[in-house]
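Worksheet for the structure shown next.
Numbering (full-length UniProt numbering), first residue to last: 1 to 386.
Here it is in structure tokens:
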């Protein structure tokens, strides 16, 4: 492992440290900011009982649900209007400046504070936050409401991004890095080691570990995105992260499309040759433990191939779906990511000649690069217009 780390090259170093490093550092700063003493006192809060009493008395006040349209439609506190931080200036034009406003989101999330700050900048000074959100409201036994017909139409529109998420996962999965390594692994077992009976166990171990490793990486990145975009005082950083993701996607797309026309010339997003040699030594062990290690290493070193599409898709998940839905789509994305590996394993187990499969992979490597480049451009454009 020490020898592998010495072979680090700029092509994947940029992907890892500009994205993971930046997001992780920002998450640390956010948590530090949010845990400052007396933060809750400064926010001005309201209890569930007090809010319920105001609703029952039919007091005049504005109740803002700062969550996404999906969450609001499924369930919200009665009388609440759905206004996200970006919608505050437009949707509060009809509000009277001296009226009381109560804001809530999820349990103690930073979005409510962000909305309060935006309202303050618009001269709304009588704003309080209900920190417990819908979960706290339900714990008290209070009833919730569903979204109206218009909200349901918006909900349907939000799910129009689902095909993009699944196609992105499939496109990400046909990258030559992971496919090439699995082909080498199975080829070694069948041809050189003459142990085809181990192909199923080794192949399943490789694919399952790849899924788990990639899913865990997605959880870390998604959590960082939620922390950045859902916390107060980090709006500028959030925008910078947006442009960073778009820039990396665009740069990766240019390199991948370049490889379609001039493969191997100049910078390419792939596992460095020196590292591939080390990974091949792990392949030669041909045991399940070594295969698990191999899958984790390939996931790490294939970052230049796959990470730009992954991070871009996670950004779309963050902006489009609730946290639970985002996790579901993260799981589906990763299934689509390993689907080409599953198909490849089935083809090999059915007796197809490895030489023909390897020849197919070699002939279509440029097309894989082109598909990834196009997908990266589409995702970058999608984020830009969100």
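Think of the CB as a built atom: it goes at the ideal place given N, C-alpha and C, for glycine as much as any other residue. All values reported here derive from a predicted model rather than from experimental measurement.
Item                                                                                                             : Value
Limits of the alpha helix (DSSP H) - the one that residue 119 falls within                                       : 111-121
8 Å Cβ shell around residue 174 - same chain, five flanking residues per side excluded                           : 340, 368, 371, 372
Identified DSSP bridge partners for residue 408                                                                  : Missing from the structure shown is residue 408; the chain here goes from 1 to 386 and no further.
Endpoints, beta strand (DSSP E) assigned at residue 129                                                          : 127-129
Same chain only: Cβ atoms within 6 Å of residue 127, ignoring 5 sequence neighbours per side                     : 101, 116, 119
Span of the alpha helix (DSSP H) around residue 334                                                              : 323-349
C-alpha distance - residue 264 paired with residue 252, whole-angstrom precision                                 : 15 Å
Within 8 Å, strictly: CB atoms of residue 375 and residue 168                                                    : yes
Residue 67, buried or exposed, once every other Cβ within 10 Å from all chains shown has been counted against 16 : buried
Test: residue 205 CB closer than 8 Å to a CB of chain D                                                          : The structure shown has no chain D; it contains just one protein chain.
Whether residue 292 touches residue 205 by CB criterion (8 Å)                                                    : yes
Inter-residue CB distance, residue 222 and residue 345 (contact presumed, cutoff 8 Å)                            : Actually they are not in contact, since the Cβ atoms of residue 222 and residue 345 sit about 28 Å apart, beyond 8 Å.
Given residue 96 as reference, the closest of 331, 125, 83, 106 once Cα atoms are compared                       : 125
Cβ-based burial, residue 57 [other Cβ within 10 Å; buried from 16]                                               : exposed
Paired residues, beta bridge with residue 76 - DSSP                                                              : 145
Sufficient close CB pairs (3 or more, under 8 Å) joining the region 42-54 to the region 136-143                  : yes
Coil, strand or helix - residue 364 by DSSP                                                                      : coil
Proximity below 8 Å, CB of residue 255 to CB of residue 268                                                      : yes
Test item: CB-CB of residue 77 and residue 137 under 8 Å                                                         : yes
Proximity winner among 209, 348, 330, relative to residue 184 (alpha-carbon distances)                           : 348
Per-residue burial, residue 308 [other beta carbons within 10 Å of its own, 16 or more giving buried]            : buried
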